[in-house]
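Before any comments, here is the structure.
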Amino acid sequence: MSTQDNSQTTYALYRYTPSIPAAAIFAGVFIVLAVLHTILAIRHRSKYFIPFIIGLLFEAAGYIARIFSHYDTLALGPYIVQTMLILVAPPLFAASIYMTLGRLILYLDAESASLLRVKYIAKIFVVGDVISFLLQCGGGGYMAAGTLSAMDNGAHVVVGGLVVQLLFFGFFILASAIFHYRVKKNPQYYNTRQVVSSSSRRDSWECMLWCVYGACVLILIRSIYRVVEFVQGNDGFIMRREYLLYIFDAVLMALQAGLLLVGYPGRVLGGGRRGDVGVPLEERADSEEGFLRGKKGVV
1 MSTQDNSQTT
11 YALYRYTPSI
21 PAAAIFAGVF
31 IVLAVLHTIL
41 AIRHRSKYFI
51 PFIIGLLFEA
61 AGYIARIFSH
71 YDTLALGPYI
81 VQTMLILVAP
91 PLFAASIYMT
101 LGRLILYLDA
111 ESASLLRVKY
121 IAKIFVVGDV
131 ISFLLQCGGG
141 GYMAAGTLSA
151 MDNGAHVVVG
161 GLVVQLLFFG
171 FFILASAIFH
181 YRVKKNPQYY
191 NTRQVVSSSS
201 RRDSWECMLW
211 CVYGACVLIL
221 IRSIYRVVEF
231 VQGNDGFIMR
241 REYLLYIFDA
251 VLMALQAGLL
261 LVGYPGRVLG
271 GGRRGDVGVP
281 LEERADSEEG
291 FLRGKKGVV
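Sequential numbering of the sequence shown, starting at 1, is according to this note's numbering.
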C-alpha cells in the first residue's frame, strides 16, 4: 500500500501502488464466501440469492484486477475492471436482501403489520436498486473513457447512483424495522402457527432479521464512504490511502456476507417456491422428506 508521487494537479488512476497481499487475501475471502453461499442457495433452493453470489464473484474479480494494477498503475484495463466490479457488487447484494422482507411477511402471514403491501415490496426496492445499479455502471463506463472530463463527469453520475442506493436502503431498513416492531409488540398481527420454535437460533426468523439489519448497516456505511470518496475527488484524502478501501469496503462487504451465512434467509424462508413461503419449517421438512422417500421408492 505504498504511496506514489503523483501530482495533485493531474488525474491519476491510482495515488498509490496497489498492494498484492491485500488484494490476494480479499480475492480469496470473497471466493470462499461465494462458494459457501452457493452451497446454501442450492441446499435451500434460494434462487433469489443468485444476485448476491454474483456480487461476491464481482468482488473477487475486482480484487484480482488490483493485483494486475500493481504491476502497471497506468494500465486502464485492470483499473476499469476493479473500479466497476467492486463498485457495483453491493447493489447485487441489496437485490437479494430486498427480496427477504416480502418472503418473511408471507412466512409469518403478517401483511397487516407491514408498511407496504407484499406485492409492492420487491417491485419498489428492486426498481430502486436497478436505478442505482445502472447509474453506477453508467458512471463507471463514462469514467472508462479515460479523459479528465469523462472521469470527473462519471464520478458525479456514480455519486448519484450511490445516493439513490442510500435512500432506498434507508427506506428498506425503516420498513423492516416498523414491521418487526409491530409484530413483536402485537403478536395478533401474525399467525403464530407459522412460527416454529427451534433449538437452533440460526433457524429463528428474528435472528435472520437481525442479521439482515446488520448487513444493511454495513452496506450503508460502505456507501457513505464511497460518496465521500467521489465527492473529495481524484486527489482527495481517501483516494490517496489504500487502507481505507479495505477498511470501509472490502472488510465491510465480507462481514455482511458472513452475517448472512449465520442468519441465512433460506433456512427460515425456503426458496420462495409455492409451498415454501408461509409453511412452518417442520412441515416443510416433513414434506421434503416424503418427497425424497417417494423418489427412492420407500413407502
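Even for Gly, the Cβ is constructed at its ideal location relative to N, Cα and C.
Since the model is a prediction, treat every value here as computed from it, not as a measurement.
Alpha-carbon spacing of ARG22 relative to TYR63, whole angstroms:
Within the sequence shown, residue 22 is the residue found at index 22, counting from 1. Within the sequence shown, residue 63 is the residue found at index 63, counting from 1. A quick correction: the sequence has Ala, not Arg, at residue 22. Looking at the two C-alpha atoms, the distance is approximately 9 Å.
Secondary structure, alpha helix (DSSP H): runs of 4+ residues fully inside the segment 196-268:
205-232, 242-245 and 251-262
Whose C-beta lies closer than 6 Å to the C-beta of PHE49 among residues of the same chain, with five residues either side of it excluded?
Here residue 49 refers to the residue found at position 49 of the sequence shown. So the qualifying residues of the chain are ALA41 and SER96.
Alpha carbon to alpha carbon, how far is PHE26 from ASN234? Give it in angstroms, no decimals.
As a working mapping, residue 234 is identified with position 234 in the sequence shown. As a working mapping, residue 26 is identified with position 26 in the sequence shown. Using only the alpha carbons, I get a separation of about 24 Å.
The alpha helix (DSSP H) that contains LYS185, what's its start and end?
Taking the sequence shown and counting its residues from 1, one reaches residue 185 at position 185. Per DSSP, LYS185 belongs to the alpha helix (DSSP H) from 148-185.
Leaving out five residues before and five after LEU260 in sequence, what residues of the same chain have Cβ atoms less than 7 Å from its Cβ?
Looking up residue 260 in the sequence shown gives position 260. Same-chain partners within the cutoff: CYS211 and ALA215.
Does the distance from the CB of ALA61 to the CB of VAL81 come in under 8 Å?
Translated into positions along the sequence shown, residue 61 becomes position 61. Translated into positions along the sequence shown, residue 81 becomes position 81. Yes.
Check whether VAL251 and LEU162 have beta carbons under 8 Å apart:
One-based indexing of the sequence shown puts residue 251 at position 251. One-based indexing of the sequence shown puts residue 162 at position 162. No; because the gap between Cβ atoms is not below 8 Å, this pair is not in contact.
Presumed contact (8 Å Cβ cut-off) between LEU269 and TYR107, rounded CB distance:
Within the sequence shown, numbered from 1, the residue matching residue 269 stands at position 269. Within the sequence shown, numbered from 1, the residue matching residue 107 stands at position 107. Sure, about 5 Å apart at Cβ, within 8 Å.
Output the boundary residues of the alpha helix (DSSP H) element that contains ARG103.
One-based indexing of the sequence shown puts residue 103 at position 103. Its alpha helix (DSSP H) spans residues 76-108.
Out of curiosity, what's the CA-to-CA distance linking GLY302 and TYR79?
What the structure shows of the chain is the stretch from 1 to 299, and residue 302 is not part of that stretch, so it cannot be assessed.
For LYS119 and GLU111, what's the separation of their Cα atoms in angstroms?
Position 119 of the sequence shown holds residue 119. Position 111 of the sequence shown holds residue 111. Rounded to whole angstroms, LYS119 to GLU111 spans 10 Å at the Cα level.
Quick check on this structure: which residue in ARG241, VAL183, ILE121 and ARG15 has the alpha carbon closest to the alpha carbon of PHE171?
By one-based count along the sequence shown, residue 171 stands at place 171. Nearest option by C-alpha distance: ILE121.
Report buried or exposed for VAL231, applying the criterion of at least 16 other Cβ atoms within 10 angstroms of its Cβ.
Here residue 231 is taken as the residue at index 231 of the sequence shown, counted from 1. Counting Cβ neighbours within 10 Å, VAL231 comes out exposed, since fewer than 16 surround it.
Relative to the ligand MG, is the shortest distance from any of its heavy atoms to the C-beta of TYR71 smaller than 7 Å?
Among the ligands in the structure shown, none appear at all, so the ligand MG cannot be discussed.
What three-state label does DSSP hand TYR11 in the structure shown?
What you label residue 11 is simply residue 11 of the sequence shown in a count that begins at 1. Residue state, collapsed to three classes: coil.
Neighbourhood of ASP72 by C-beta, 8 Å cutoff - its chain only, sequence neighbours within 5 removed:
In the sequence shown, counting from the first residue as 1, residue 72 sits at position 72. PRO78, listed in sequence order.
Give me the Cβ distance between HIS44 and ARG222, rounded to the nearest whole Å; I'm assuming they're in contact under 8 Å.
Here the question's residue 44 lines up with position 44 in the sequence shown. Here the question's residue 222 lines up with position 222 in the sequence shown. Not confirmed; about 26 Å, so no contact.
Buried or exposed by the 16-neighbour rule on C-beta atoms within 10 Å, applied to LEU167:
Along the sequence shown, read from residue 1 onward, the residue named residue 167 stands at position 167. Exposed, because fewer than 16 other Cβ atoms sit within 10 Å of the Cβ of LEU167.
Is the Cβ-Cβ distance between HIS37 and ILE20 less than 8 Å?
Position 37 of the sequence shown, counted from the first residue, corresponds to residue 37. Position 20 of the sequence shown, counted from the first residue, corresponds to residue 20. Against a cut-off of 8 Å, the Cβ pair of ILE20 and HIS37 comes out as no contact.
Residues sharing a beta bridge with TYR142, DSSP
Sequence index remark: in the sequence shown, residue 142 carries index 142 (1-based). Partner(s): none; TYR142 has no beta bridge.
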